[in-house]
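Worksheet: one structure, shown below.
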Amino acid sequence: MLIVAFMALLLGLTGVYYAITNGVIKIPGLNSIIAQPSAVQTKLVKVDFAYKIKSISASEIVLVAEKGTFILPYNIMTVDVYKGPTKASPKIPLTDLKVGDSVNMEFVAGKSATLFVSTL
5 MLIVAFMALL
15 LGLTGVYYAI
25 TNGVIKIPGL
35 NSIIAQPSAV
45 QTKLVKVDFA
55 YKIKSISASE
65 IVLVAEKGTF
75 ILPYNIMTVD
85 VYKGPTKASP
95 KIPLTDLKVG
105 DSVNMEFVAG
115 KSATLFVSTL
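According to the working numbering, the sequence shown holds residues 5 to 124 in order.
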């Protein structure tokens, strides 16, 4: 009998937990948390040193420098490339990048990157 009562209590607690976490039961303050993206994710970061392209695959571009490695997705929707030091320079296709190119970069973490190629 004690085991049956314990199992019923355990099932009841599991049901309450499920209802709270899925919004079936509303608890003031618990279900009203609003996630705000951090300011870091929308901040444009301008890298003040050059990277060399170490490798390019169908899924990623690996950049290396003395300060570490940086991996970008190989995605024309999120990575822009310019032949020169600014966005006023000619825009070139991502496919023009090659291993050994020297690039400067600016990026918004998790969203986009712009490469400025100084060697092609």
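Beta carbons: idealized from backbone N, C-alpha and C, even for Gly.
In its chain, beyond the 5 residues on either side, K87 have a beta carbon closer than 6 Å to the beta carbon of P94. Listed as beta-bridge partners of T46 by DSSP are no residues whatsoever. For the 7 Å CB-CB criterion, K50 and E110 form a contact. Listed as beta-bridge partners of G72 by DSSP are A69. Here I80 is not near E64, since their CB atoms are 7 Å or more apart. Counting along the chain, Y86 sits inside the beta strand (DSSP E) bounded by residues V83 to K87. L98 sits away from V107, with the two beta carbons spaced by 7 Å or more.
Per DSSP, I57 is one residue of the beta strand (DSSP E) stretching across Y55 to I60.
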